[in-house]
Structures are given as structure tokens and as C-alpha cells.
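K.L.:
Okay, here's the structure, questions in a sec.
Number of protein chains: 2
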Amino acid sequence: MALNDINQTEMARLRVACSNCNLRELCLPVDLTPDEMARLEELSNQKRSYTTGDYLYRSGDRFKSLHAIRSGSFKTRVLHEDGREQVTGFLMPGEIIGLEAISTDVHTCEALAMEDSEVCELPYAKLAELSREIPSLQRHLHKIMSREIVRDQGIMLLLGSMRAEERLAAFLLNMSQRNAIHGMSATQLRLRMSRLEIGSYLGLKLETVSRAFSHFQDEGLIQVKARAIEILALPRLREMVGK
Amino acid sequence: MALNDINQTEMARLRVACSNCNLRELCLPVDLTPDEMARLEELSNQKRSYTTGDYLYRSGDRFKSLHAIRSGSFKTRVLHEDGREQVTGFLMPGEIIGLEAISTDVHTCEALAMEDSEVCELPYAKLAELSREIPSLQRHLHKIMSREIVRDQGIMLLLGSMRAEERLAAFLLNMSQRNAIHGMSATQLRLRMSRLEIGSYLGLKLETVSRAFSHFQDEGLIQVKARAIEILALPRLREMVGK
DNA sequence: AGGCTATTTTGACATATATCAAGTCAAACG
DNA sequence: CGTTTGACTTGATATATGTCAAAATAGCCT
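Chains as they are written, first to last, in our numbering: chain A, -8 to 234; chain B, -8 to 234.
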């Protein structure tokens, strides 16, 4: 299951990488000299703040920069003709947003803040230039892109072969893990998104999501208090998604 | 709809790029000097042949090279614990396979030939090195990776929000377009995959796929002769997927 | 060709999830 | 402190797709 495929040792390495590196955006094991690191930091010194509902970019905007999330969270979505929203991703601190637009030069989806958030802008042209000079940065950038491919394919797998409750279990495990990576509890989740948004992301209706939460609670798997979820039986959730 | 988002002018550019370039793998508008092109060709001079069912790589194999498909077609898949196969992609000539493994160093899915096929091996380390020296190659490589992200997100959209017949319509349009890019008919398709494989890719059962084909035929949208599909009403198929 | 096998189609029925419709709850606001 | 508003839950029912089974068709080998 790619949605949730980071093991314990890898997590530890990630944590170290993040704390070494002021740029949480490059939250994968990075291997740069202090000098190289300084050049990278210089590139991304523009930090910006957003509040709930602010757009980081809109569909149709010209692509200029990637963005690294420092704090808060964003969602990406596409709007269908009829106005329905489809959520394509939830982004948390340390993650990079905008990779899909490299191929098109124009953003094809939009990104909005789900709470007060800060991002670093990473001008693509400069980043590309720097990564030509620093091989380990180049490798790093490739890994970030490839990781996004793996993540998306994980969701394809989930949408293509899992049923509602399995999808939700995978979602919760994924949230749990991303929480843990950032040093937060793996069992106490504060979801930033509504049932509607979760459903949209998982290809389900909000009622189905709600019922699944209730059912998990009845089974003693989780404790639900609105958007505060406590995971009571991680192993049993893992079984549900087959790992 | 990202699954199917290449317009006519772009198609023309692609066609040109392909014919200029012996390396069909880099089948996007490329802007290299003859010298640069020569260096690239040199890198990828190992060509290999595969026949139906041969593995290009297996899950667990160490990642070393990307592969560019020259002729034939491949599928990528993951095998679930219980032995069920889930198809994650169909690859056609000019396309690059293996991008997901850059982030892991190890292949997490497997790729098999669906017919007699030829590929060029592109050793990743050499390609990365060369792209550090040739900015437009670097840009190109980024676009290829980003394009894969867009493709995967298109499938997420499709799996998350479309019903069976809409998915199949999107699939047929996608096949049609990829056919057309390579100078083949946009309306006469010879599918290389079974109903089971199509279903696996689209998150449907083979019976559902079959019924959808039959229904499309009843409606006069297509003509079905086993795996030979003739599209009779492209515009109406496009309406079905909303574009 | 003829026969064998795998693939595809079609039908009848089961079931998961969507849909529609009330309710409940909680935060926000006067 | 009551009212309002949006989010969430729960129930009853509809529907799309899955499941199981059989027949038809196509591809393949001798």
C-alpha cells in the first residue's frame, strides 16, 4: 500500500533531515554540504502566509514556482463543469505542492489553505539551475517527483480495489503516519477537512464516510468526536487495508 | 480531463519531435542541438526485445534504468496478497516506464510486455548526469515526470467521480488519442488488453466492461469485434466524459 | 478444417453505496 | 442565553455494479 508505505527507520531519518534543515520542504533525507544548503536557503527565502480558503494558486495560473508547506495544510482540487469539487490531495507541512504543473506551464488544479498556513516559494527556474550544479539536490528533486507518482498510484490502487471502509481505514492510517512524521501523535488526529472533502478525496459520498466512521467507532477501532479522531486499534486498521 | 488532454497542435509538435528524434522515448517537443542529441543517443544505445508476458522488471528488482518503449506495449501492475492483479498502466511506444522507482531505488510494481516489444534502456545515473549538462534535457526530464503525475491524477479523477460507462468512454478516448499521436487511426483501435485487464485498470469487473461495450454498440457509439473497436461517434464519447 | 481453450457476452440475482429526507449537534452570533 | 447556521449522523429506499452461472464466440494448435 503506497499511501502508507514509510517504515519506522525511514521515519526516523526523515525526522532528522527535517530538523537539520530549515527548509522543511525538502523533507526527505538530504545530503548537502553546509555551503550547498546555504545556497538552497537563499533561493527560498520568500515566505508567505495564507488563511483558510486563500488560494495558493488557481486553475489557469501560470506556473512559476513550487511551494513548500512550512505550517498548516492545503488541499488541491479540480472543479467540474457543474461546480462539483473533487479533492485530489491534502498537503501537510514538509510537502511540496505544484509538481503537476511543471509539464503544462499552467496550473490545472487549484490549491487552497485549509487553515492558517505558511509556505516557502521555490522559484522553479532557480531550483532547476541549482540542481544542475548540485547533484544531490538534483537527485533529491527527482525523488520528490517520483514520490508524488508513487503517492498518486497508491490512491489509484485504493480507489480501484478497495471498498468504502477499507478506503477510510487507509486514509486514517495515512493521516496517522504523516502526523507521526512531524513528531505529533500517531493516534490523536485532528482532521482539518470535512466529511464532504474526505468523501470527495476517497470517491465516496459524505454520508458513506460518516457511516463508516460510526461503524468503526461501534467496533471499537476509533473514537470519534467530530473532527477529532482517536485511533484505538491501529493493528486492526492495518489488517483492513492488508498490511 | 487529464487522461486525454493533448490538443491538436500539441499533437502535431509531438509527431515532429518523434520523427526528428531516433529516440522516440523522448516523445515530447525536444529542443536539443545535433551534438546534444548525439550524446543522448549514445547513452541509450542498448535496445532490447521482449515477447508477450516477458517481464521488463519485477517488484523488488533494484532500480537502475528507465526504459523507453520503441514498439509494442507493456502493462504495469501490482499483485495483491491474494494473487489478484491490479493494472496501474498501459504503456505505448514513445512512453517512459519506471519513473515511480526513482524514489524508492527498488521497483514496487512490475512491468510486462503485452505483445512483441522493443525498449531502449536509459541508465538513470547517466541520464541524470547528462541532464545536468544539458538544461533543455533536464527540463524535458522534469516534464516527463510531471506528465506522469498529471496522468495519474487524471485516473484518480476518473476513478473517484465517474461511473462505469464514463470511465470506459474516457479509456477509449485516451486510447484513440495515443493511437493518433503515433500516426495511427484515431477511430480504429486494436486493443492489446483483455476485458479483465481493462476492468482492473478502470476499477471495474470484466462483466461490467463487457456490458458497457455492448451498450455503446447498441447506442451506435462504437462497433465491437472482440478487441478491434471502431469508434463511430467520437463527439458523443467526448460529451460523456464532459469535454 | 476441426476441436480445444480462453475470452467474451448475457442473464438473474445480491449487495454496496448513492440518494433523499429527517433529525441532531455544535459552534457562531446577536 | 436563545437563535441561527452549517456540519454531521441516521434512516429508508433506489440504483449501479458485483457475483454467480451459463452460453456464445474467437483464437489457437494439430
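All C-beta atoms, glycine included, are put in the ideal place defined by N, C-alpha and C.
In this text, all values refer to a predicted model and were calculated from it rather than measured experimentally.
When you compare each of A/Ala92, A/Ser108 and A/Ser127 to A/Glu101 by their alpha carbons, which one comes out closest?
P.N.:
Locating residue 101 of chain A in the first sequence gives position 110, counting from the first residue. Measuring from the Cα of A/Glu101, the nearest candidate turns out to be A/Ala92.
K.L.:
Taking C-beta to C-beta, are B/Gly89 and B/Tyr48 nearer than 9 angstroms?
P.N.:
Along the second sequence, one-based indexing puts residue 89 of chain B at 98. Along the second sequence, one-based indexing puts residue 48 of chain B at 57. Going by C-beta atoms, B/Gly89 is nearer than 9 angstroms to B/Tyr48.
K.L.:
What residue range is occupied by the uninterrupted alpha helix (DSSP H) comprising A/His131?
P.N.:
The residue given as residue 131 of chain A occupies position 140 in the first sequence. Run containing A/His131: Pro126 to Ser152, per the alpha helix (DSSP H) assignment.
K.L.:
What in chain A is Cβ-close to B/Ala119, meaning under 9 angstroms?
P.N.:
The residue labelled residue 119 of chain B in the question sits at position 128 within the second sequence. Simply Pro126, Gln129, Arg130 and His133.
K.L.:
At a threshold of 8 angstroms, does A/Lys38 count as lining the ligand NAD (C-beta to nearest heavy atom)?
P.N.:
Ligands are entirely absent from the displayed structure, and the ligand NAD is therefore not among its contents.
K.L.:
Using a Cβ-Cβ cut-off of less than 7 angstroms, give me the residues of the segment 137 to 160 of chain B that come near chain A, in sequence order.
P.N.:
Residues Ser137, Arg138, Glu139, Ile140, Val141, Asp143, Gln144, Ile146, Met147, Leu148, Leu150, Gly151 and Ser152.
K.L.:
Could you please give me the residues that DSSP links to B/Gly80 through a beta bridge?
P.N.:
One-based indexing of the second sequence puts residue 80 of chain B at position 89. In DSSP, B/Gly80 forms a bridge with B/Thr67.
K.L.:
Taking 9 angstroms as the CB-CB cut-off, is A/Cys111 touching chain B?
P.N.:
Residue 111 of chain A sits at position 120 when you count from the first residue of the first sequence. No, no contact with chain B.
K.L.:
Who are the neighbours of A/His71 on chain B, taking C-beta pairs under 8 angstroms?
P.N.:
In the first sequence, residue 71 of chain A corresponds to position 80, counting from 1. Within chain B, the residues near A/His71 are Ser152 and Gly233.
K.L.:
Alpha carbon to alpha carbon, how far is B/Leu187 from A/Leu228? Give it in angstroms, no decimals.
P.N.:
Locating residue 228 of chain A in the first sequence gives position 237, where the first residue counts as 1. Locating residue 187 of chain B in the second sequence gives position 196, where the first residue counts as 1. Spanning the two alpha carbons is a distance of roughly 29 angstroms.
K.L.:
Jot down the residue ranges of each uninterrupted alpha helix (DSSP H) in the segment 166 to 233 of chain A, minimum 4 residues, whole runs only, in chain order.
P.N.:
Fully enclosed alpha helix (DSSP H) runs of 4 or longer: 186 to 193, 197 to 209 and 225 to 231.
K.L.:
Between the segment 24 to 35 of chain A and the segment 74 to 87 of chain A, are three or more C-beta pairs nearer than 8 angstroms?
P.N.:
No, the segment 24 to 35 of chain A is not in contact with the segment 74 to 87 of chain A.
K.L.:
To which residues does DSSP link B/Leu103 through a beta bridge?
P.N.:
In the second sequence, counting from the first residue as 1, residue 103 of chain B sits at position 112. Beta-bridge pairing links B/Leu103 to B/Tyr46 and B/Lys66.
K.L.:
Along the segment 176 to 199 of chain A, what residues have a CB closer than 9 angstroms to any CB found in chain B?
P.N.:
Ser191, Tyr192, Leu193, Gly194 and Leu195
K.L.:
Within 10 Å of its beta-carbon, does B/Ala161 have 16 or more other beta-carbons around it, so buried, or fewer, so exposed?
P.N.:
Start at 1 with the first residue of the second sequence, and residue 161 of chain B comes out as number 170. Counting C-beta atoms within 10 angstroms of its own C-beta, B/Ala161 has 16 or more neighbours from the protein chains shown and is therefore classed as buried.
K.L.:
To which residues does DSSP link B/Arg39 through a beta bridge?
P.N.:
Locating residue 39 of chain B in the second sequence gives position 48, where the first residue counts as 1. Paired residue(s): B/Val110.
K.L.:
Please name the residue in A/Leu180, A/Tyr192 and A/Lys66 whose C-alpha comes closest to that of A/Ile220.
P.N.:
Translated into positions along the first sequence, residue 220 of chain A becomes position 229. Answer by Cα proximity: A/Leu180.
K.L.:
For B/Arg49, return the contacting residues in chain A, with the cut-off set at a CB-CB distance below 9 angstroms.
P.N.:
If you number the second sequence from 1, residue 49 of chain B lands on position 58. Near B/Arg49 there are no residues of chain A at all, since even the closest Cβ is about 16 angstroms away, more than 9 angstroms.
K.L.:
Count the CB pairs spanning the segment 145 to 154 of chain B and the segment 115 to 135 of chain A that are closer than 8 angstroms, and state whether there are at least three.
P.N.:
no
K.L.:
Spatial neighbours of A/Arg30 within its chain, please: CB distance less than 7 angstroms, with the 5 preceding and 5 following residues excluded, ordered by chain position.
P.N.:
Looking up residue 30 of chain A in the first sequence gives position 39. Excluding residues within five positions, the ones whose Cβ falls inside 7 angstroms are Leu121.
K.L.:
May I ask you to verify whether the segment 191 to 198 of chain A touches the segment 59 to 79 of chain A, counting CB pairs closer than 8 angstroms and requiring at least 3?
P.N.:
yes
K.L.:
Using a Cβ-Cβ cut-off of less than 8 angstroms, list which residues of the segment 89 to 108 of chain B approach chain A; keep chain order.
P.N.:
Leu90, Glu91, Ala92, Ile93, Ser94, Thr95, Thr99 and Cys100
K.L.:
Between A/Ser122 and chain B, is there a C-beta pair that is closer than 9 angstroms?
P.N.:
The count along the first sequence starts at 1 and reaches residue 122 of chain A at position 131. It does: the Cβ of A/Ser122 has a partner Cβ on chain B nearer than 9 angstroms.
K.L.:
Quick one: Cα of A/Leu149 to Cα of A/Ile140, how far?
P.N.:
The sequence position of residue 149 of chain A within the first sequence is 158, counting from 1. The sequence position of residue 140 of chain A within the first sequence is 149, counting from 1. About 14 angstroms.
K.L.:
Any beta carbon from chain A within less than 9 angstroms of B/Asn13's own beta carbon?
P.N.:
Counting from 1 along the second sequence, the entry for residue 13 of chain B is found at position 22. Residue placement at B/Asn13 is flagged as unreliable, the pLDDT there being 45, under the threshold of 50; the coordinate-derived value follows with that caveat. It does not; no Cβ of chain A falls within 9 angstroms.
K.L.:
Verify whether the separation of the beta carbon atoms of B/Ser152 and A/His71 is less than 9 angstroms.
P.N.:
In the second sequence, residue 152 of chain B corresponds to position 161, counting from 1. In the first sequence, residue 71 of chain A corresponds to position 80, counting from 1. Against a cut-off of 9 angstroms, the Cβ pair of A/His71 and B/Ser152 comes out as a contact.
K.L.:
For A/Thr79, go through chain B and note every residue whose CB falls closer than 8 angstroms to its CB, in chain order.
P.N.:
Along the first sequence, one-based indexing puts residue 79 of chain A at 88. Within 8 angstroms Cβ-Cβ: Gln144, Met147 and Leu148.
K.L.:
Below 8 angstroms, can you find three or more Cβ-Cβ pairs linking the segment 53 to 65 of chain B to the segment 101 to 120 of chain B?
P.N.:
yes
K.L.:
What's the C-alpha gap between B/Glu16 and A/Gly85?
P.N.:
Numbered from its first residue, the second sequence carries residue 16 of chain B at position 25. Numbered from its first residue, the first sequence carries residue 85 of chain A at position 94. Low per-residue confidence applies at B/Glu16: pLDDT is 47, beneath 50, and the placement is therefore not dependable, though the value from the model is reported in the following sentence. Each residue's alpha carbon lies about 33 angstroms from the other.
K.L.:
Which residues in the same chain as A/Met2 place their Cβ atom closer than 7 angstroms to its Cβ, once the five residues preceding and following it in sequence are excluded?
P.N.:
As a working mapping, residue 2 of chain A is identified with position 11 in the first sequence. With a pLDDT of 48 at A/Met2, under the threshold of 50, the modelled position of this residue cannot be trusted; read the value that follows with caution. Excluding residues within five positions, the ones whose Cβ falls inside 7 angstroms are Ala171 and Ile172.
K.L.:
So the alpha helix (DSSP H) A/Ala29 belongs to, where does it begin and stop?
P.N.:
Position 38 of the first sequence, counted from the first residue, corresponds to residue 29 of chain A. Note, A/Ala29: alpha helix (DSSP H), Pro25 to Leu34.
K.L.:
Compare the C-beta of B/Arg75 with all C-beta atoms of chain A and state if any pair is closer than 9 angstroms.
P.N.:
Counting from 1 along the second sequence, the entry for residue 75 of chain B is found at position 84. Interface with chain A (9 angstroms Cβ-Cβ cutoff): B/Arg75 is included.
K.L.:
For B/Ser127, which residues of its own chain have a beta-carbon under 8 angstroms away from its beta-carbon, when the five flanking residues on both sides are left out?
P.N.:
Counting from 1 along the second sequence, the entry for residue 127 of chain B is found at position 136. Non-local beta-carbon contacts of B/Ser127 in its own chain, meaning distances under 8 angstroms to residues more than five positions away in sequence, involve Val21, Asp22, Leu23 and Glu27 in chain order.
K.L.:
I'd like to know if A/Glu16 contacts chain B, where contact means its C-beta is closer than 9 angstroms to some C-beta of that chain.
P.N.:
Counting from 1 along the first sequence, the entry for residue 16 of chain A is found at position 25. Residue placement at A/Glu16 is poorly supported in this model, since its pLDDT is 46, which falls under 50; the coordinates still yield a value, given next. So, not an interface residue.
K.L.:
Could you tell me the distance, in whole angstroms, from the CA atom of B/Ile222 to the CA atom of B/Thr178?
P.N.:
Along the second sequence, read from residue 1 onward, the residue named residue 222 of chain B stands at position 231. Along the second sequence, read from residue 1 onward, the residue named residue 178 of chain B stands at position 187. About 5 angstroms.
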